[in-house]
Each structure stands twice: as structure tokens, then as C-alpha cells.
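Heads up, the numbering used here is the position in the sequence shown plus 2, with the first residue counted as 1.
Backbone N, C-alpha and C define an ideal beta-carbon position, used for all residues, glycine too.
As the structure is a computational prediction, the values presented were derived from the model and not from experiment.
Report on the structure given below.
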Amino acid sequence: MLRFILRFSGRDCHKCGKSYLEIALDDYTGEQGSTYSPISKLTSWTVSLAIDLGCKAFGMNRNQAVKAIGAPYFKKGLVNILDGVGRYGITRPQRLAAPFLVVWNYTNACNLNCKHCYQRADEPTPDELSTEKRIEIIDQLDEANVASIAFSGGEPLMRGDFFEVVDYAVEKGFYVSVATNGTLLTKQNVKKLKNVGVGYVEISLDGAKRETHESFRGVNGCFDKTLMGIRNSVEEGLYTCIATTATKHNVYEISDIVELSKHLGVKRVIVFNFIPTGRGEKIVNLDLSPTEREQLLKYLYSELIKGEIETLCTAPQFARVCLQQSLLSKSDVLSPTYFAAFEFHGKTKRLADFLGGCGAATLYCAIQPNGLVTPCVFVPIVVGDLKKQNFKDVWLHSKVMNDLREREKLKGRCGSCEYKYVCGGCRARAYAYYHDYLAPDPGCIRELEEPSTSFAQGRGAESAQIPIYSE
Numbered sequence: 003m004l005r006f007i008l009r010f011s012g013r014d015c016h017k018c019g020k021s022y023l024e025i026a027l028d029d030y031t032g033e034q035g036s037t038y039s040p041i042s043k044l045t046s047w048t049v050s051l052a053i054d055l056g057c058k059a060f061g062m063n064r065n066q067a068v069k070a071i072g073a074p075y076f077k078k079g080l081v082n083i084l085d086g087v088g089r090y091g092i093t094r095p096q097r098l099a100a101p102f103l104v105v106w107n108y109t110n111a112c113n114l115n116c117k118h119c120y121q122r123a124d125e126p127t128p129d130e131l132s133t134e135k136r137i138e139i140i141d142q143l144d145e146a147n148v149a150s151i152a153f154s155g156g157e158p159l160m161r162g163d164f165f166e167v168v169d170y171a172v173e174k175g176f177y178v179s180v181a182t183n184g185t186l187l188t189k190q191n192v193k194k195l196k197n198v199g200v201g202y203v204e205i206s207l208d209g210a211k212r213e214t215h216e217s218f219r220g221v222n223g224c225f226d227k228t229l230m231g232i233r234n235s236v237e238e239g240l241y242t243c244i245a246t247t248a249t250k251h252n253v254y255e256i257s258d259i260v261e262l263s264k265h266l267g268v269k270r271v272i273v274f275n276f277i278p279t280g281r282g283e284k285i286v287n288l289d290l291s292p293t294e295r296e297q298l299l300k301y302l303y304s305e306l307i308k309g310e311i312e313t314l315c316t317a318p319q320f321a322r323v324c325l326q327q328s329l330l331s332k333s334d335v336l337s338p339t340y341f342a343a344f345e346f347h348g349k350t351k352r353l354a355d356f357l358g359g360c361g362a363a364t365l366y367c368a369i370q371p372n373g374l375v376t377p378c379v380f381v382p383i384v385v386g387d388l389k390k391q392n393f394k395d396v397w398l399h400s401k402v403m404n405d406l407r408e409r410e411k412l413k414g415r416c417g418s419c420e421y422k423y424v425c426g427g428c429r430a431r432a433y434a435y436y437h438d439y440l441a442p443d444p445g446c447i448r449e450l451e452e453p454s455t456s457f458a459q460g461r462g463a464e465s466a467q468i469p470i471y472s473e
């Protein structure tokens, strides 16, 4: 019944132009009165009931829900969930009408020369979008009810129109974050980020020692500049995260990076899964073994439940490790997706089946500097072109994106794994190693337990030369 009502509530009201879902959320928070048409009243009652039931499940009260929904980006995300239920019913993972997050590789320009760069970033490409087109894309994402935009690169701060476009995105109600190498985070730039309303800054640091970081980042002197950028961000009161890509080059320094982050006053450390794509193809020998990755994930969970600092990982297996380790540690803290960790009690732990694991094409997607859309920044398959297509049409109708939303299509060990809804394996790693985005993730410990020989003997990363492909 809920799905039947929600299916119609995504339509726009002819009186105000908002969808009936948006009107219902406004009614719930008391922001505006309903149009009191029969459809509006029925939708408002249904949405109110659904939210109240959700609050009960998570131990929240109505006042807390009203406060949360009052944030524009939270409201956008809730509209997408309800619209997705209306369109597709309850699915595993839950199909959404639009992504929660879009990662925008804002420019190919960069002042570093990182060995693992998925973009091969150095100079801006001739076909990068104009400022006017970027503003238009912000409008498309707003119309689709995307909740959050993460501006990445290259180095996004190197493009002249960056602050203008970020300011526009914040005005439109997006939660805006910036991923940067930190070398350009002067006090002036950090203050500008704070003033335009950026909520989150993610700064790359690949070593606790100068030689470790700089040998990976390719530029002498960048370590001290990055540390200064981190300090400036923390001092300005921005929510600051340190991001590090784990390889054999630095895996035994991860604990030192975590301790350094605590010392600097950083609130979160995200360890990125290494993907052998872009320049990373040349250092595939530095990829962690499944055993090394498993040990790292267990360490990150042990730090997470201490509560001193939030330690997360983009490896989808982290969601599975959290579930397993929570039973041993008797903790309710889980990280179903790489950008969040929460306490889940009782039956609510089953939500990991609906939100967990690889988020490519399920929770997020990527936009390239020239407007091309890919399922993930690490999956170089073009699924759309925003110079010619509407974003929402690309999200809803791309064959590759729809394939990635159906975990039943996964092959090999990932397809038979009992954790395929919680994890699903990294689709970018599957594509980099086997040139098949539905192949098993070769970095998972469970692949060693029951290897998929048809893939293990197939295409190796040593021979991977991966350009941008179109579906």
C-alpha cells in the first residue's frame, strides 16, 4: 500500500510545482500548509506514518526527525528513498530515484604527481566544462534531488570558478564537501570554504612520515604544506577528514597516520581501497594481499569502536568485517557504507543489506571534468554525457548502472557470497583486474577461501590498459 501511494506522490502538484512527496515532508516539519487536495492529504498521512515507524525502529522521537528533515540535503535524501520505494518497492540494495552523493572530478589540473592517481591528473583538459554548464549541471542535480556533492579532482582548488560554483551549490541546499591534496589550503582559502558553506574537507595524506608521503605524491615539500592545510582546516572549525590510500608502500604506517590524525584534531580517517586504474596501473604490485586487507579492516574497526576518531574504509568488505567483529566485541557500531558509521540495534542491523557495500550506481556516481558520467570515479565506463543528456535520465536508464544495482548478477565468489548484499565486492577492482564490472573482487579474503578459478586465471592487472569506455 505504501508503494502504491508513493508511486503517485512523486508527481508534481499543479498549484505549487513541488512534488507531493516534498509537500508531505514540508507538512511533517510544519514548514508550510498542505494544499489539502485528496492526493496531498493521503501522501502526507502516509509519509508521516512511514517516518514515525522509522523513528520507532531507530529509537528517535518526532522532534529529532523534524530537526533532521529541516536540513535541505537530508530532505533530498529522504525524498529519494521514498521515491525509490514507490518506483521499485523494497530492494536489496535499495534502488534510489537519484544518488545520495555525486563525486565531481571538477578539473584534471593538479599540482602533484601521485603514483596512484585514477585521473592521471596534471593539466586541465581542453574539453572541460564552462562555468555556465557547471551551473546548469548543479540545477539538474537539484531537480533530481541529489543530496550531496563532493568536489574532487585533480585538485579542485586550482580552477578559477571553483568558489563561484560551490557557492551556488550550497545556495541550492546541497551538502557540499571538498576532496583536496591540502597543499592549497591556506588560511585564506580555508576561510573562504567556511564562508561559502562547505561542510566537510577531505585531505589526502599517504604517510605519517615525510618520505613516505612525498615519494608517493611525487613532489618534494608537499608533506609540510599538506599538514599545514590540515591544521588550518581544523582551526577554522571545518569537519576535517584525512584520506589515505592503502598499499604495500604505507600499510604499516596506517596506525601512525591514525595517531597523527588524533594529534592534529581531525575527526575522521578514511582509508581508500587501492584501485589499479589510471596511473595506478603501473604500481599494481603494491596492491595489498587479501590477508593484508583483512587485517587492516579489523584494525580500523577496533579503532572505530574506541570512539576517539572515526576510522572508515572504502573497501566494501569493511561492512562485512564490521558485522563479524561486532559479534565478537559486542558492539553495535556498523559502517554499511564508506562515508558513515552508526550504532545499529537489533533488527536495524539488517539495514546493511539495503545500504551496504559497494555504492557505485546505488548510492553515488561520478561526473568527469568534461561532463561525462561514470558509475564511480574508479570505474572508467562512460554511462552518460551531461553536455547532451539529463542527469536523471542517465541515472535511471543506464544499462551499466542498472546491472550494478542487481547483486544477483554478480559472478564467481561474490555472486555466491552470503554477504553479497552487505558487501558485493569492489566493482572498480573487478573491472580493473578482469575488465568485467560483475566479476569477483580479487582482494577479498573469502576469494582465497573459495577462489573463482575462471576469473583467477583470466585477465591480470599486469596487462590492464584501461581507457575510458562507453557502455
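Go through its chain and collect everything with a Cβ distance to residue i's Cβ below 6 Å, but skip five positions before and after it.
i, result
"residue 413", "440, 441"
"residue 154", "105, 107, 181"
"residue 26", "45, 46, 49"
"residue 1", "Any question about residue 1 goes unanswered here, given that the chain covers just 3 to 473."
"residue 295", "445"
If you draw a straight line from the C-alpha of residue i to the C-alpha of residue j, how long is it?
i, j, result
"residue 195", "residue 344", "27 Å"
"residue 288", "residue 169", "39 Å"
"residue 400", "residue 393", "11 Å"
"residue 321", "residue 337", "5 Å"
"residue 380", "residue 86", "25 Å"
"residue 1", "residue 374", "Nothing about residue 1 can be read from this structure; the chain reaches only from 3 to 473."
"residue 69", "residue 57", "12 Å"
"residue 326", "residue 308", "17 Å"
"residue 258", "residue 89", "47 Å"
"residue 171", "residue 151", "8 Å"
"residue 311", "residue 15", "45 Å"
"residue 124", "residue 186", "15 Å"
"residue 3", "residue 406", "28 Å"
"residue 265", "residue 404", "43 Å"
"residue 249", "residue 306", "21 Å"
"residue 415", "residue 318", "14 Å"
"residue 53", "residue 83", "11 Å"
"residue 192", "residue 227", "13 Å"
"residue 229", "residue 41", "55 Å"
"residue 334", "residue 178", "29 Å"
"residue 436", "residue 368", "21 Å"
"residue 339", "residue 428", "12 Å"
"residue 331", "residue 203", "31 Å"
"residue 131", "residue 372", "5 Å"
Ends of the alpha helix (DSSP H) at residue i?
i, result
"residue 89", "74-90"
"residue 225", "224-237"
"residue 192", "189-198"
"residue 68", "64-71"
"residue 304", "292-306"
"residue 13", "No alpha helix (DSSP H) contains residue 13, which DSSP labels as neither H nor E."
"residue 31", "22-31"
At a cut-off of 6 Å, is residue i close to the ligand NAP when judged by its beta-carbon and the heavy atoms of the ligand?
i, result
"residue 278", "Because no ligand of any kind appears in the structure shown, any question about the ligand NAP cannot be addressed here."
Thinking C-beta only, is residue j closer than 7 Å to residue i?
i, j, result
"residue 162", "residue 110", "no"
"residue 117", "residue 218", "yes"
"residue 396", "residue 386", "yes"
"residue 247", "residue 225", "no"
"residue 79", "residue 149", "yes"
"residue 94", "residue 438", "no"
"residue 431", "residue 422", "no"
"residue 61", "residue 5", "no"
"residue 222", "residue 216", "yes"
Can you list, in chain order, the residues of its chain with a C-beta nearer than 8 Å to that of residue i? Leave out the 5 residues immediately preceding and following it.
i, result
"residue 142", "388, 392, 393, 394"
"residue 269", "241, 242, 243, 311, 312"
"residue 298", "248, 253, 256, 273, 290, 315"
"residue 366", "101, 102, 103, 104, 105, 378"
"residue 133", "163, 166, 167"
"residue 466", "Residue confidence for residue 466 is low, a pLDDT of 35 falling below 50, so the modelled location carries little weight; the figure read from the coordinates is stated next. So the list reads 278, 279, 283, 286, 434, 435, 437, once near-sequence residues are dropped."
Excluding sequence positions up to five away, which residues of its chain have a Cβ less than 7 Å from the Cβ of residue i?
i, result
"residue 220", "114, 115, 116, 117"
"residue 165", "194, 198"
"residue 426", "318, 359, 360, 409, 412, 416"
"residue 174", "140, 144"
"residue 67", "53, 57"
At what residues does the beta strand (DSSP E) containing residue i begin and finish?
i, result
"residue 177", "177-182"
"residue 312", "312-315"
"residue 366", "366-369"
"residue 343", "342-345"
"residue 153", "150-154"
"residue 202", "202-206"
"residue 244", "241-247"
"residue 337", "335-339"
"residue 1", "There is simply no residue 1 to check, as the chain begins at 3 and stops at 473 in what is shown."
Do the region 279-299 and the region 220-234 meet, that is, are 3 or more Cβ pairs less than 8 Å apart?
no
Three or more C-beta pairs closer than 8 Å, one from the region 118-134 and one from the region 64-78: is that the case here?
no
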